[in-house]
Amino acid sequence: MRSVTWGQVLAWRMRRQLLEAPEALDAVEITRRLAGVQAQVASSAELAVALRHPAPAFGAVPAALWDERTLVKTWAMRGTLHLLPADEAGAYLALCATIRSWEKPSWAKAFGADPVDLETIAAAAADALAGGAALTREELGAAIVEATGSTHLAELLGSGWGTLLKPLAWWGVLCYGPSQGTRVTFASPERAIPGWKGLPAVEDAARTAVRAFLSAHGPATPDGFDNWLMRKASRKRDVRAWFEAAGELATVDVEGSEMYVLPEHLDELLGTGPTRSVRLLGGFDQYVLGAGTGSTYLVPAEHRSKVSRTAGWISPVVLYEGRVAGVWEPGSGGGLTVTPWEDIPATPLEAEIARLTPLL
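Numbering (my numbering), first residue to last: 298 to 657.
Okay, structure coming up:
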């Protein structure tokens, strides 16, 4: 088995994720390269795409979402909103759906809905969205209540029901539609996405998702993939089966840990040297989320709380040599303020600040 260092791995990931050398790809291809872009905060998702293009065009993400319909915005990995390529979204959703958390008594107790309730809501939502129009949360809720005549569902849908919609997203019943002012809307992927093929078989989904993950975030272990997908909520035997379904994979030793990488990337990885570059990334960036903030080779344990903050907030970070070496925030009078925890060369840091500031 061939061996590489974490320095090589991080430099290779930065290249794969278009951080070392941005490329003139469109928003869809950048999203595909990253195996999805978290979109819990819309501006962070747009910044993640913009940073990876040498001449970013503002509005590229909304255009791909609502005009070209080549991106989908929906709940996916870890139950968070993501941008996904429309032609691959079903694969990610199919794997997310395998956790079946709604079948657990603890889920029903916490959210007041059992599997029958959820199936009833899904069927009514599918009917409500079948006409092709996007509906606001209030309109969709009203349509579900009217269709079912259920007082119980009316109570559920009137008390903050975002959690109930996530399984519907994973089943391919709904995705986000264009906002109406400050109100979000939901649409049927079958109606809103040209060429939507529904959810593939789990084995086919695994091949797409595992290979996409390794292409962006490898080398990695099945456990690392499971953490990225659903915070280790999947059954271990399922994750092993998914990696088997992914086809031929190469293995490398990363400072004592055996990890998988796509065979077509092995030579490039072995030939990659450590980087000395400095890069600034926005909040919730895939470079950090792919590895997870608990990965001490990326985020020092003593500084994790500065990166992974309360309520699931992931800070904008400074990378040096591929590691998270500090955090930053927009300044009150324009520009930004960097808080490092190791020495970062001043000249490349200043150049990166100058590159990022216009994008803010």
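Yeah, the Cβ is synthetic: ideal placement off N, Cα and C, and Gly gets one too.
This structure is a prediction, so every number in the text was calculated from the model and none was measured.
With C-beta atoms as the reference, is Val470 less than 8 Å away from Ala425? Cβ atoms of Val470 and Ala425: not closer than 8 Å.
Of the residues Lys529, Trp525, Glu385 and Thr433, the one placed nearest Ala502, counting alpha carbons only: Nearest option by C-alpha distance: Glu385.
Met298 (DSSP reduced to helix, strand or coil): coil
When we look at the beta-carbon of Pro613 and count the other beta-carbons within 10 Å, is it buried (16 or more) or exposed? buried
Is it true that the CB of Thr328 sits closer than 8 Å to the CB of Val346? yes
Looking at the secondary structure, which residues open and close the beta strand (DSSP E) in which Val615 lies? Val614 to Tyr617
Residue burial classification, Gly591 (beta-carbon count within 10 angstroms, cutoff 16): exposed
Measuring alpha carbon to alpha carbon, tell me which residue in Thr479, Val481, Asn524 and Gly409 is nearest Ala451. Gly409
Classification of Arg267 by the beta-carbon crowding that lies within 10 angstroms, buried from 16 upward: Limits of the chain in this structure are 298 at one end and 657 at the other, which puts residue 267 out of reach.
Does the separation of the CB atoms of Leu307 and Arg576 fall below 8 Å? no
Quick test of the definition: if touching needs 3 or more C-beta pairs under 8 Å, does the region 562-576 touch the region 534-545? no
Is Met374 near Leu526, with beta carbons less than 8 Å apart? yes
Judging by CA-CA distance, which residue of Gly304, Pro642 and Thr479 is the nearest neighbour of Arg434? Thr479
Sub-8 Å separation of Ala352 and Thr505 beta-carbons: no
From which residue to which residue does the beta strand (DSSP E) around Glu555 run? Ser554 to Val558
Which residues in the same chain as Ile396 place their Cβ atom closer than 7 Å to its Cβ, once the five residues preceding and following it in sequence are excluded? Met527, Ala530 and Ser531
Return yes when the Cβ of Ala336 is within less than 8 Å of the Cβ of Phe510, no when it is not. no
Status (buried if at least 16 other CB within 10 Å, exposed otherwise) for Ala498: The residue is exposed, with fewer than 16 neighbouring Cβ atoms inside 10 Å.
Skipping 5 residues on each side, what residues in its chain have a beta carbon closer than 6 Å to that of Gly429? Arg488
Going by C-alpha to C-alpha distance, which of Ala321, Leu362 and Val334 sits closest to Ala672? There is simply no residue 672 to check, as the chain begins at 298 and stops at 657 in what is shown.
Taking one C-beta from the region 581-591 and one from the region 628-644 each time, how about it: are there three or more such pairs within less than 8 Å? no
Measuring CA to CA, which of Pro519, Ala394 and Pro412 is closest to Lys463? Ala394
Figure out for me which residue from Ala622, Ile611, Glu647 and Trp638 has the closest Cα to the Cα of Ala342. Ranked by Cα distance from Ala342, the first of Ala622, Ile611, Glu647 and Trp638 is Ile611.
Measuring CB to CB, does Val549 end up less than 8 Å from Arg299? yes
Ignore the nearest five residues each way along the sequence and tell me which others in Leu378's own chain have a CB closer than 8 Å to its CB. Gln335, Ala336, Gln337, Lys370, Thr371, Trp372 and Tyr473
Extract the residue ranges of the beta strand (DSSP E) inside the region 525-581, only unbroken runs of 3 or more that lie entirely within it. 547-551, 554-558 and 575-578
From which residue to which residue does the beta strand (DSSP E) around Val621 run? Where Val621 is concerned, the enclosing beta strand (DSSP E) stretches over Arg620 to Pro627.
Which of the three DSSP states, helix, strand or coil, is assigned to Arg349? coil
Do Leu559 and Ser602 count as a contact pair if the criterion is CB distance below 8 Å? no
From Leu392, Arg313, His350 and Ala361, residue whose alpha carbon lies closest to that of Glu500: Leu392
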